[in-house]
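Trainee: Its first residue numbered 662, the sequence shown is counted upward by one per residue in this note's numbering. Please read through the structure below; I'll follow up with questions.
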Amino acid sequence: MTPTEERMQRFLDQITLERMHAAWSDGAIVGGAAAFTFNVTVPGGDLPTAGVSVVGVYPTHRRRGVLRALMRAQLDDAHDRGEALAALWASEESIYGRFGYGLSSFCGEINLAHEHTALAHLSEPAGTMRFLEPEEALDAIPPVFERIR
Numbered sequence: 662m663t664p665t666e667e668r669m670q671r672f673l674d675q676i677t678l679e680r681m682h683a684a685w686s687d688g689a690i691v692g693g694a695a696a697f698t699f700n701v702t703v704p705g706g707d708l709p710t711a712g713v714s715v716v717g718v719y720p721t722h723r724r725r726g727v728l729r730a731l732m733r734a735q736l737d738d739a740h741d742r743g744e745a746l747a748a749l750w751a752s753e754e755s756i757y758g759r760f761g762y763g764l765s766s767f768c769g770e771i772n773l774a775h776e777h778t779a780l781a782h783l784s785e786p787a788g789t790m791r792f793l794e795p796e797e798a799l800d801a802i803p804p805v806f807e808r809i810r
């Protein structure tokens, strides 16, 4: 699938050039890795996090330390930026264990006894609800998330 200009711009808005790392050989890029910054809400507050993305090495340059150098540069950069965590969704999880990554959760579940549940403030419903178009949601949801997290 070829990305649209809009999708490419959205990607570039999240991952800036200074967060991109490249491995070069004979004047050509043979590998790369990038990260974007976001916060993870954990017990005790928010932690700045490096969102590891677009990691790859050409098949012609595998098993030569290229990936190790890219991951080291990326983790050093995250540390220098004060990002306490680095997170990724790996297509091949077995690759990243040697860099300290591992499965954090299969899923989460909360069980709460009914007798401990109640609305904090009973009030009459006010307003209406409706489904949002994707473009509207991109504008409307982030401020709500920021208010409640």
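The beta-carbon is built from N, C-alpha and C at its ideal position, and this holds for glycine as well.
Is E797 buried or exposed, if buried means 16 or more other CB atoms sit within 10 Å of its CB?
Mentor: With fewer than 16 other Cβ atoms within 10 Å, it is exposed.
Trainee: Count the other CB atoms, across all protein chains shown, that sit within 10 Å of the CB of A711; report buried if there are 16 or more and exposed otherwise.
Mentor: Flag for A711 reads buried.
Trainee: Can you tell me the Cα-Cα spacing of P720 and W685, whole angstroms?
Mentor: Their Cα atoms are separated by approximately 14 Å.
Trainee: Helix, strand or coil: which one does DSSP assign to M681?
Mentor: Residue state, collapsed to three classes: strand.
Trainee: One question on the structure: do L746 and L708 come within less than 9 Å of each other, judged by their Cβ atoms?
Mentor: Cβ distance < 9 Å, so L746 and L708 count as in contact.
Trainee: Just verifying my parser: in three-state terms, what is the DSSP assignment at A734?
Mentor: Correct three-state label for A734: helix.
Trainee: Is it buried or exposed, A694, if we count other Cβ atoms within 10 angstroms and call 16 or more buried?
Mentor: Result: buried.
Trainee: Do A689 and I676 have their beta-carbon atoms positioned less than 9 Å apart in this structure?
Mentor: Cβ atoms of I676 and A689: not closer than 9 Å.
Trainee: Among all the DSSP beta bridges, which residues are the ones paired with V703?
Mentor: Paired residues: G706.
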